[in-house]
Amino acid sequence: MRVSVNHSGGPGAASEPVRRATMRDVAALSGVSIKTVSRVINGVPSVSEELRDRVTRAIARLDFQPNLAASSLRRTDGATRQIALLLEDVANPFSATLSRAVEDAAREHGTLVLAGSLDEDPQRERELVRAATLHRVDGILLVPAGPDHGYLHREIRNGTPVVFADRPPRGLAADAVLSANAEGARRAVLHLADHGHTEIAFLGDGHRISTAVERLAGYRAALAERGLPERPGRAVWDLSDPRSAAEAVAAMLDSDDPPTALFTAQNLVTIGAIRTLQARGLHGEVAVVGFDDFPMADLLMPRVTVVAQDVAGIGALAVRRLFERIAGDTSPPREERVPTALVVRGSGEIPPAAGRWSGAGGSAPR
Numbered sequence: 001m002r003v004s005v006n007h008s009g010g011p012g013a014a015s016e017p018v019r020r021a022t023m024r025d026v027a028a029l030s031g032v033s034i035k036t037v038s039r040v041i042n043g044v045p046s047v048s049e050e051l052r053d054r055v056t057r058a059i060a061r062l063d064f065q066p067n068l069a070a071s072s073l074r075r076t077d078g079a080t081r082q083i084a085l086l087l088e089d090v091a092n093p094f095s096a097t098l099s100r101a102v103e104d105a106a107r108e109h110g111t112l113v114l115a116g117s118l119d120e121d122p123q124r125e126r127e128l129v130r131a132a133t134l135h136r137v138d139g140i141l142l143v144p145a146g147p148d149h150g151y152l153h154r155e156i157r158n159g160t161p162v163v164f165a166d167r168p169p170r171g172l173a174a175d176a177v178l179s180a181n182a183e184g185a186r187r188a189v190l191h192l193a194d195h196g197h198t199e200i201a202f203l204g205d206g207h208r209i210s211t212a213v214e215r216l217a218g219y220r221a222a223l224a225e226r227g228l229p230e231r232p233g234r235a236v237w238d239l240s241d242p243r244s245a246a247e248a249v250a251a252m253l254d255s256d257d258p259p260t261a262l263f264t265a266q267n268l269v270t271i272g273a274i275r276t277l278q279a280r281g282l283h284g285e286v287a288v289v290g291f292d293d294f295p296m297a298d299l300l301m302p303r304v305t306v307v308a309q310d311v312a313g314i315g316a317l318a319v320r321r322l323f324e325r326i327a328g329d330t331s332p333p334r335e336e337r338v339p340t341a342l343v344v345r346g347s348g349e350i351p352p353a354a355g356r357w358s359g360a361g362g363s364a365p366r
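Heads up: the sequence shown runs through residues 1 to 366, numbered per the UniProt record's numbering.
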C-alpha cells in the first residue's frame, strides 16, 4: 500500500517517496489470491462477478497501476501492447499527420504508440530502434533516416516486425507504404508547363533521401515529356529547412537567367521559397507548386497549389500492415504506393511574366 513517512514531523518537511501499491497489496485488501488479481487485470472471463467487483474496488482504493511491461512477460503471446513510431520530426506537418493516423489505428487495437524523431540522423535511428526493442515493443513503424537497414535483420529474426512508411528499406526485404512520388512530381511540373512555363526550377530535400530522388526523377521526366531542357543550376537540393530554401531561391532570382516557376519538392522548402518571393514582392509573378500540403497554404495570397500526399492513408495502411505482421502474417514483404492529388489553388497557375525582372534590383518586373 502507499506509505509516506515524515521523519521530522514538522510541516513542510520532506517525505520519503511514496511506494506504489502492488498486486500483493490488492490481493490482501480484496481477500483473494494474487492469481485472481492477475486474471481480473488481464480480463480473463472465468472470474466470478463477485470476485471481480472486490478486486476492482481494491484497485480503485489503492490507485493501483499494473506494471504492463512485467505482465507482458507472463502473457502467453508475450505482447506488450506497444509499438514504436520512428519518424523524421514530430514537429513537421507530415510527421504529425502520420503520427495521428497511426495513433488512431493503434487505439483500436488497444496499443500504445511510442513516437520518436530521427532528425535525419542514421545513428539516432539505430539508437531509437535499439531502445524500442529493449522496451519489447510488438512492432516498429519506421520512416528511415539511414542508408542501410541491414542491421534490422536481427530484430526481425527475433520476432519484432518492422514496416517502413514514406521511404523504402535498403539492404532489407520489408513491407513499405510509400507515396507515388515520381508521378506526383511529374504532374506538378507538367501543370506548370501547361501554364506556359519553360523555365522551371527544382528545389528539393537531401540528395540521399529516397523521396527527394524520386521527385527529382519526376521533375526530369516532365521536362523531357515537354521537350524542355534542364538548365545548369536549375535543380538544387540538400535544402533541409525554410532558411536554406529561401537562400537558394534568392540565388536563383539573382542569377542572369532566373526561373519563372518553382517546383518545391518538400513542404518546408515550399515555405522558404514563398518567404523569399514575398520579401521581393514576386509572389504574384513567380509560379509555385509544392510537394506536400502544409497548414495555411490555402490562406496565403496567392493560395499555394500543392501535390498533396494522403498522409493519413499512408499511416493507416502502414500500421494495418504492421498489426497483420504482429498477428503472425508471414507472407512475402510487399511495397504499396498511395496516389497523390494535385490541389489547384492559384500559385501554380500564374503565367510567365511578359519580361524578366532584375533579381538584384528587387521586385519590379521589367
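For glycine and all other residues, C-beta sits at the position ideal for the given N, C-alpha and C.
Bear in mind that the values here come from a model prediction, so they are computed numbers and not experimental data.
task: Note down, in chain order, each residue of its chain lying with its Cβ closer than 7 angstroms to the Cβ of Ala318, except the 5 sequence neighbours on either side.
output: Position 318 of the sequence shown, counting from 1, holds the residue named residue 318. Leu141, Val163, Ala165, Val177.
task: Give the straight-line distance between the Cα atoms of Gln261 and Leu268, rounded to the nearest whole angstrom.
output: Translated into positions along the sequence shown, residue 261 becomes position 261. Translated into positions along the sequence shown, residue 268 becomes position 268. Note that residue 261 is Ala in the sequence shown, not Gln. Near 17 angstroms, if we compare the C-alpha coordinates of Leu268 and Ala261.
- request: Run the CB neighbour count on Ile200, radius 10 Å, all protein chains shown included, and call it buried at 16 or more, exposed below.
  value: As a first step, residue 200 must be located in the sequence shown, where it is residue number 200. Buried is the call here.
- prompt: If you check the beta carbons only, do Val289 and Gly348 fall under 7 angstroms apart?
  reply: Residue numbering aside, residue 289 sits at position 289 when the sequence shown is read from its first letter. Residue numbering aside, residue 348 sits at position 348 when the sequence shown is read from its first letter. Yes, they are a contact pair.
message: My output table needs one value for Arg337: the three-state DSSP class, helix, strand or coil.
response: As a position in the sequence shown, residue 337 is number 337, starting the count at 1. Strand.
task: Report the rounded CA-to-CA distance for Asp241 versus Arg321, giving the unit in angstroms.
output: Translated into positions along the sequence shown, residue 241 becomes position 241. Translated into positions along the sequence shown, residue 321 becomes position 321. Between Asp241 and Arg321, the C-alpha separation is close to 31 angstroms.
- prompt: Buried or exposed: Leu87, going by 16 or more other Cβ atoms within 10 Å of its Cβ?
  reply: Start at 1 with the first residue of the sequence shown, and residue 87 comes out as number 87. So Leu87 counts as buried.
- prompt: So, helix, strand or coil for Gly233, using DSSP?
  reply: Position 233 of the sequence shown, counted from the first residue, corresponds to residue 233. Of the three classes helix, strand and coil, the one that applies to Gly233 here is coil, per DSSP.
query: Any idea what DSSP makes of Thr276, helix, strand or coil?
result: The residue labelled residue 276 in the question sits at position 276 within the sequence shown. Three-state DSSP puts Thr276 in a helix.
field: Beta-carbon proximity of Ile83 to Val113, cut-off 7 angstroms
entry: Locating residue 83 in the sequence shown gives position 83, where the first residue counts as 1. Locating residue 113 in the sequence shown gives position 113, where the first residue counts as 1. In this structure, Val113 lies closer than 7 angstroms to Ile83 by Cβ.
task: Take Arg57 and list the residues in its own chain whose beta-carbon comes closer than 8 angstroms to its own, dropping the five residues that flank it on each side.
output: The residue labelled residue 57 in the question sits at position 57 within the sequence shown. Closer than 8 angstroms at the Cβ level, and outside the excluded window around Arg57, lie Ser30.
task: Evaluate residue 378 with the Cβ neighbour count: other Cβ atoms within 10 Å of its Cβ, from every protein chain shown; 16 or more gives buried, anything less gives exposed.
output: The chain is shown from 1 up to 366; residue 378 falls before or after that span and cannot be answered.
message: So, with DSSP's three-state summary, where would you put Phe202?
response: By one-based count along the sequence shown, residue 202 stands at place 202. Looking at Phe202 - three-state DSSP - the assignment turns out to be strand.
query: When you compare only the Cα positions, how much space is there between Arg75 and Thr22?
result: The count along the sequence shown starts at 1 and reaches residue 75 at position 75. The count along the sequence shown starts at 1 and reaches residue 22 at position 22. Model confidence at Arg75 stands at a pLDDT of 49, short of 50, so the residue's coordinates are unreliable; what they give is reported in the following sentence. Going from the Cα of Arg75 to the Cα of Thr22 covers about 18 angstroms.
task: Mind checking which residues open and close the beta strand (DSSP E) that includes Ile140?
output: For the purposes of this step, residue 140 is identified with residue 140 of the sequence shown, where counting begins at 1. Note, Ile140: beta strand (DSSP E), 139-142.
query: Is there contact between the segment 145-155 and the segment 278-285, where contact requires at least three CB pairs shorter than 8 angstroms?
result: no
task: List the endpoints of the continuous alpha helix (DSSP H) containing Gly146.
output: For the purposes of this step, residue 146 is taken as residue 146 along the sequence shown, with counting starting at 1. Element bounds for Gly146: n/a, residue is neither H nor E.
message: For a minimum of 3 consecutive residues, which ranges assigned as the beta strand (DSSP E) are wholly contained in the segment 96-128?
response: 112-117
task: With DSSP as the reference, please indicate the residues paired to Ile350 in a beta bridge.
output: Along the sequence shown, read from residue 1 onward, the residue named residue 350 stands at position 350. In the DSSP output, where bridge partners are listed per residue, Ile350 has none listed.
field: Rounded C-alpha distance that separates Ala91 from Ala145
entry: For this step, residue 91 is matched to residue 91 along the sequence shown. For this step, residue 145 is matched to residue 145 along the sequence shown. In a straight line, the C-alpha of Ala91 is about 16 angstroms away from that of Ala145.
query: For Asp119, which residues from the same chain have a beta carbon less than 7 angstroms from its beta carbon, with the 5 sequence-adjacent residues on both sides left out?
result: As a first step, residue 119 must be located in the sequence shown, where it is residue number 119. These residues qualify, in order along the chain: Asp89.
field: Simplified DSSP state of Ser179, which is helix, strand or coil
entry: As a working mapping, residue 179 is identified with position 179 in the sequence shown. Three-state result, Ser179: strand.
field: Among Thr198, Gly184, Ala327, nearest to Leu216 - alpha-carbon criterion
entry: In the sequence shown, the residue the question calls residue 216 occupies position 216. It is Gly184 whose Cα lies nearest to the Cα of Leu216.
message: For Thr330 and Ala174, what's the separation of their Cα atoms in angstroms?
response: To locate residue 330, count along the sequence shown from 1; it is residue 330. To locate residue 174, count along the sequence shown from 1; it is residue 174. Going from the Cα of Thr330 to the Cα of Ala174 covers about 11 angstroms.
Contact set for Arg303: own chain, Cβ-Cβ below 6 angstroms, skip 5 residues either direction: Against the sequence shown, residue 303 aligns to sequence position 303. Arg345, Gly346.
field: Continuous alpha helix (DSSP H) stretch holding Gly218: start and end
entry: Taking the sequence shown and counting its residues from 1, one reaches residue 218 at position 218. Unbroken alpha helix (DSSP H) run through Gly218: 210-225.
message: I'd like to confirm the pairing. Which residues does DSSP put opposite Gln82 in its beta bridges?
response: Position 82 of the sequence shown, counted from the first residue, corresponds to residue 82. Beta-bridge pairing links Gln82 to Leu112.
- request: Look at the alpha carbon of Asp205 and the alpha carbon of Phe294, and state the distance between them as a whole number of angstroms.
  value: In the sequence shown, counting from the first residue as 1, residue 205 sits at position 205. In the sequence shown, counting from the first residue as 1, residue 294 sits at position 294. Spanning the two alpha carbons is a distance of roughly 16 angstroms.
Reference Met252, options Asn158, Arg220, Tyr219, Arg231, closest by Cα: Position 252 of the sequence shown, counted from the start, is the residue given in the question as residue 252. Comparing Cα positions, the closest option is Arg231.
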